[in-house]
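Peer 1:
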């Protein structure tokens, strides 16, 4: 690692840990602040390479995209709950469960976990299993429309692929 | 303050509504997989909304301890990761030991 990159890594690690120290300790007197910040500095100096690696710039861009993905996901969760509430409270219970499979271009561990958890949280679908090598997802859908949303529209796969740049 | 109370009541009310609907779904739906749909999704948003309501209440009523709302934010964050993961783990376990999914027109289990 080059010299500036190393410095950047130490500073970034220091700030993240100082933030957590201040948030979780809850003590603002000089003794706790200074001893906490000194500890953060020592840990940042010794183990910055665990948190910040060479691909950090790409990771930062991914984090920005992930932050922009989260509000959309939260809105999908609200829709999911209204959808489930409708199916539960409707006298005839409009459900027609089925199991579907599809393949995606996602290969990274974190991107597959994100898509799997997003599928579970959005309307009418829960991930059953994932094949990491082929990016294959097996999903239980509660009716035809949520299954079609994953099979035909593929909005969610495209969004996750965009976030992790694995399109 | 009245506005805060209305907001908190709304958040707690909707949270309770969704957890309640989740429980009804657990009783009404025909098999294991569909029941997980009801509990897995409703509990996530229900618990999230209830904690959010408590957070807003604490933030405006006990301004001397602003760190507790921050910790509640972390709690919501972890629930939103842990809950779908646990749902998926249950689903996978059920699928692997061979519980048959219910199809439209069959009798309920």
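Chains as they are written, first to last, in this note's numbering: chain A, 1 to 167; chain B, 1001 to 1109. No residue lacks a Cβ here, since even glycine has one placed at the ideal position from N, Cα and C. It should be emphasised that the depicted structure is a prediction, and the values quoted were computed from it without experimental measurement.
(1) Counting only beta-carbon separations shorter than 8 Å, does residue 121 (chain A) have a partner in chain B?
(2) Counting pairs of Cβ atoms below 8 Å between the segment 95-102 of chain A and the segment 59-66 of chain A, do you hit three or more?
(3) Taking only beta-carbon atoms, is residue 1100 (chain B) less than 8 Å away from chain A?
(4) Output yes if chain A places a C-beta closer than 8 Å to the C-beta of residue 1033 (chain B); else output no.
(5) Kindly list the residues whose CB is nearer than 6 Å to the CB of residue 142 (chain A), restricted to its own chain and excluding five residues on each side of it in sequence; keep chain order.
(6) Label residue 75 (chain A) either buried or exposed according to how many other C-beta atoms from any shown protein chain fall within 10 Å of its C-beta, with 16 as the threshold for buried.
(7) On the three-state DSSP scale, how would you describe residue 52 (chain A)?
(8) When the Cα atoms are used, what is the spatial distance from residue 50 (chain A) to residue 118 (chain A)?
(9) Residue 130 (chain A): which of B:1050, B:1075, B:1059 and B:1095 sits nearest, CA to CA?
(10) Using a Cβ-Cβ cut-off of 6 Å (strictly less than) and excluding sequence neighbours within five positions of residue 15 (chain A), which residues of its own chain qualify?
(11) For the putative contact between residue 1053 (chain B) and residue 1011 (chain B), defined by C-beta atoms under 8 Å, what is the C-beta separation to the nearest angstrom?
Peer 2: Based on what the coordinates show:
(1) Yes, its Cβ sits closer than 8 Å to a Cβ of chain B.
(2) The segment 95-102 of chain A and the segment 59-66 of chain A do not touch, with fewer than 3 CB-CB distances between them shorter than 8 Å.
(3) Chain A contact via Cβ: absent.
(4) Residue 1033 (chain B) belongs to the set of residues whose beta carbon lies under 8 Å from a beta carbon in chain A.
(5) Sequence-distant Cβ neighbours of residue 142 (chain A) in its own chain, meaning closer than 6 Å and more than five residues away, are 95, 97 and 124.
(6) The residue is exposed, with fewer than 16 neighbouring Cβ atoms inside 10 Å.
(7) In the structure shown, residue 52 (chain A) adopts coil according to DSSP, grouped into three states.
(8) Whole-angstrom Cα-Cα distance: 28 Å.
(9) Closest option to residue 130 (chain A), Cα to Cα, is B:1095.
(10) Same-chain partners within the cutoff: there are none.
(11) Cβ atoms of residue 1053 (chain B) and residue 1011 (chain B) come within 8 Å of each other, at about 3 Å.
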